[in-house]
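Chains as they are written, first to last, in numbering that gives the first Met the number 0: chain A, 0 to 228; chain B, 0 to 308. The beta-carbon is built from N, C-alpha and C at its ideal position, and this holds for glycine as well. Keep in mind it's a predicted model, so treat the numbers as computed, not measured. Take a look at the structure set out below.
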Amino acid sequence: MKLGLVVDLDTCVGCHGCATACKQWNTSGTIGPLSDKDPYGKDPNGAWLNRIRTYEVGDTPNSKTVHMPMSCMHCEEAACVTVCPTGASYKRAEDGIVLVDQDKCMGCNLCAWACPYGARELDPAEGTMKKCTLCVDRIYDEKLPEDERQPACVLTCPTKSRVFGDFDDPNSQVSQLVRERGGKQLMPELGYNPVNTYLPPRNKPAVEVYKVTSIKQGVKAWVNKMISR
Amino acid sequence: MHPAFSVLVFTVLSGAGYGLILLMVLGHLIGLGELQDRNLLLSGGVLSLLLISIGLLASTLHLANPKNAWRAFSRFKTSWLSREAVFAILFYPFVILYLAGIWFMGAELSVIFAAAGMISAVLALVTLFCTSMIYASLKTIRQWNSALTPVNYLVLGIMSGSLLLLAVQSIVTGSVSAQLQQSAIALLVLGAAVKVIYFFWIGKPSGSTIKTATGFTQASVRLLDQGHSSNGFLNNEFGYTVAANKLLRIRLLMLAVAFVLPLLLLLTANSLLLLAAALITLAGLLAERWLFFAEARHVVRLFHGDQTV
């Protein structure tokens with residue numbers, strides 16, 4: 000199995016719901032707590048496993064605002080695991096999920112340096128590295144109804160922009176979406192082979208720019224066209 | 000990259016310590032006349048052990064959860080940091096055996112103690128190399144992901160070690176060894192050359208851009224919103240930015256303090272000034288290590304709005 004997420008950049012509205020649901024679930028999950036430092040103060044800081052950034056792509060009027068949620072890509076070539084000196088970081092052979100054993104981490108930050116996607120954040124109170132677990136404590140929980148055995152971010156997304164599934168199965172919803180919509184990996188040139196895939200926005204014509212068509216404007220335009228300067 | 004002071008102290012001091020012991024053991028065992036002196040070898044050995052130990056202790060200060068530091072020996076097969084830790088600890092019994100031999104026998108060592116010295120010299124070199132590979136192995140930071148990084152660490156470590164060795168030699172024996180002086184001058188010139196080559200090389204941006212980072216390779220991409228109202232871990236760790244003109248000034252100052260000034264002091268052949276040269280080089284190398292971090296640009300910066308890194 001190769002578990003991961005597909006994120007649809009066409010429909011994501013940047014509501015930060017996935018990040019909030021992630022924080023809520025994981026602060027009391029297997030790697031919890033996800034601590035904050037000075038949360039209500041002037042300069043709040045804290046460990047989040049999911050960050051949403053907003054970009055302007057293209058030039059106006061053919062530009063588009065794209066919201067890009069990013070969490071751990073559960074890379075196939077996970078350099079964060081290779082560089083870890085304590086063995087705290089590991090990639091599960093059975094489903095490819097990359098995890099940090101909180102009892103072994105010494106907080107040296109080297110895995111965060113090795114990660115090109117900014118997926119790892121040091122917990123300011125615990126001093127250990129925190130990262131997306133793909134809600135490993137949800138997706139295998141047989142006490143939950145079957146349709147709820149999904150990561151918290153996927154369940155909460157109001158626009159269904161996030162899809163969870165097995166990329167090794169060619170007939171899974173994620174594999175089909177990647178095929179049909181031309182899914183992209185981020186920074187493929189570094190060779191980490193990230194599992195999470197992003198669906199680019201669909202091509203839609205830019206909003207038409209209307210021209211003023213009053214009689215006065217029309218005459219002025221005709222005169223300007225007739226008399227060369 | 001945010002320069003953590005404990006890491007700067009660690010790499011500079013332990014680098015100098017490993018360089019010192021490496022050169023001293025080699026010079027002693029190949030029979031360099033000026034180094035066949037019990038007091039000199041003991042002072043050099045103790046100084047090197049002191050520098051290395053202070054450095055290693057400083058390195059644990061940047062850990063956020065140091066109670067698990069003992070686990071760092073467990074991933075020798077994959078992690079350069081783990082290899083560094085293993086070789087750094089392995090170095091101690093051999094160098095202590097070598098120094099014990101000198102303590103009891105003087106400069107004329109029996110085979111076992113000479114072999115221990117040789118092994119500690121090799122381990123010093125290997126540890127220094129492992130330290131450099133922690134940085135050189137990171138594909139996320141182009142300014143580090145180069146063969147120039149281990150060359151820099153090795154040459155600058157051995158260079159600062161040679162200055163310390165010359166200072167110790169002149170203070171303990173009261174005369175300046177021409178051979179050690181010449182090799183220190185040659186290493187200073189080599190170190191400066193290696194550093195200048197590095198500065199030219201890192202001027203070129205890496206292949207990753209904000210376009211490859213976001214996947215929109217056929218359009219311009221600009222950051223509108225980072226998504227948080229104050230800096231988080233990623234901003235603090237990777238967003239460290241120093242103005243280009245300030246970096247240039249620090250580079251020039253560093254080259255003057257770490258290489259040019261010590262070179263002039265070396266020519267005087269006065270033991271106090273030689274000691275000053277060694278200390279000034281160490282201060283210059285602290286600035287050099289600070290630049291090594293401050294000028295390194297991690298690819299995560301692309302997601303935070305940098306067009307190139």
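- Listed along the chain, the chain B residues whose CB falls inside 7 Å of the CB of Ala113 of chain A are Leu137 and Thr139.
- Residue range Arg50 to Val56 is occupied by the beta strand (DSSP E) that includes Glu55 of chain A.
- Under the three-state reduction of DSSP output, Val24 of chain B falls in the helix class.
- Within 8 Å of the CB of Lys90 of chain A, no CB atom of chain B is found; the nearest one sits about 12 Å away.
- Taking Pro68 of chain A as reference, the option from A:Leu143, A:Arg148, A:Pro187 and A:Cys11 with the minimal CA-CA separation is A:Cys11.
- Listed by position along chain A, the residues whose Cβ is nearer than 7 Å to that of Pro65 of chain B are Met105.
- By the criterion of a C-beta distance shorter than 6 Å, Ile20 of chain B is surrounded in its chain by Ser47 and Ala123, once the five residues flanking it on both sides are discounted.
- Residue pairing from DSSP leaves Lys41 of chain A without any beta-bridge partner.
- At a cut-off of 9 Å between beta-carbon atoms, Gly16 of chain A makes no contact with chain B.
- As a beta-bridge residue in DSSP terms, Gly164 of chain A pairs with A:Gly3.
- Exposed is the label assigned to Ser227 of chain A, since fewer than 16 other Cβ atoms lie within 10 Å of its Cβ.
- Excluding five sequence positions before and after Thr81 of chain A, the CB atoms of its chain that fall closer than 8 Å to its own CB belong to Ala113, given in chain order.
- Within the stretch 191 to 204 of chain A, Tyr197 and Pro199 place their CB atoms closer than 7 Å to a CB of chain B, listed in sequence order.
- Under the rule that a run must span 3 or more residues, the beta strand (DSSP E) segments found entirely inside the stretch 80 to 153 of chain A read 88 to 90 and 97 to 99.
- For Lys63 of chain A, the enclosing beta strand (DSSP E) begins and ends at Lys63 to Met69.
- The Cβ atoms of Val94 of chain B and Gly54 of chain B lie no closer than 9 Å to each other.
- In the structure shown, Val220 of chain B adopts extended strand secondary structure according to DSSP, grouped into three states.
- By the Cβ neighbour-count rule, Trp47 of chain A is buried, with 16 or more other Cβ atoms within 10 Å of its own.
- In this structure, DSSP gives Tyr197 of chain A an extended state, which the three-state scheme calls strand.
- At a beta-carbon threshold of 7 Å, the residues of chain A lying near Gly206 of chain B are Glu188, ordered along the chain.
- Non-local beta-carbon contacts of Leu137 of chain B in its own chain, meaning distances under 8 Å to residues more than five positions away in sequence, involve Trp143 and Asn144 in chain order.
- Of the residues A:Cys156, A:Arg178 and A:Asp102, the one whose Cα lies closest to the Cα of Pro65 of chain B is A:Asp102.
- In terms of CA proximity to Ala135 of chain B, B:Thr148 leads the group B:Ser182, B:Thr148 and B:Phe128.
- Interface residue (Cβ-Cβ distance to chain A less than 9 Å): Thr213 of chain B is classified as such.
- Counting along the chain, the unbroken alpha helix (DSSP H) around Arg37 of chain B starts and ends at Arg37 to Thr59.
- Secondary structure at Thr267 of chain B: coil, using DSSP grouped into helix, strand and coil.
- Val8 of chain B and Ala146 of chain B have their C-alpha atoms spaced approximately 23 Å apart.
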